[in-house]
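Residue numbers (my numbering): 5 to 128.
Structure first, then comments.
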């Protein structure tokens, strides 16, 4: 969970830097435009994505911790999720490849579903 929090914090920093030319005038081009104008909306969209499906990741992790059902499988799935979120962010921010983004999201999705299988097994 700390890895995902760190990713989200980094995205806030990157978004702040990307908005600096428009908001504070720092880093504007000589013509007054922002060099980040094309990428800033993608950074913002990716940051918003960090509060959607990851909600289920946090819930599963907290239930596993509370139920003292942590395992190597849970740890592996959690790290797959975090690594996948990093890759997903890179794809979403740096490319317009929706097909690749969907593939990476599927990996994140399956990792969280795997965590929920562990939760259900532990609580059953």
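Note that CB positions come from ideal geometry on N, CA and C, so glycine has one too.
When the options are compared against residue i, the one with the closest alpha-carbon
i: residue 53; options: 126, 105, 117, 121; result: 105
i: residue 85; options: 120, 43, 18, 103; result: 120
i: residue 67; options: 7, 10, 116, 11; result: 116
i: residue 61; options: 9, 126, 125; result: 9
i: residue 40; options: 98, 78, 102; result: 98
i: residue 100; options: 32, 29, 16, 50; result: 50
i: residue 46; options: 109, 113, 95; result: 95
i: residue 77; options: 109, 123, 21; result: 123
i: residue 91; options: 34, 113, 108, 75; result: 108
Residues near residue i in its chain [Cβ-Cβ closer than 7 Å; skip 5 each side]
i: residue 2; result: With the chain represented from 5 up to 128, any question about residue 2 goes unanswered, as that position is not in the structure.
i: residue 23; result: 44
i: residue 118; result: 81
Contacts around residue i, its chain only, beta-carbon distance under 8 Å, and the 5 residues preceding and following it disregarded
i: residue 83; result: 7
Whole-number beta carbon distance between residue j and residue i, since they are thought to touch under 8 Å
i: residue 93; j: residue 19; result: Their Cβ separation, rounded to whole angstroms, is 11 Å, which puts residue 93 and residue 19 out of contact at 8 Å.
Cut-off 6 Å between Cβ atoms - residues of its own chain near residue i, not counting five sequence neighbours on either side
i: residue 4; result: Only positions 5 to 128 of the chain appear in the structure, and residue 4 is not among them; the question remains open.
i: residue 31; result: 24, 25
i: residue 56; result: none
Report the start-end ranges of each alpha helix (DSSP H) in the segment 26-78 that is 4 residues or longer and not cut off at the edges. 44-53, 58-70
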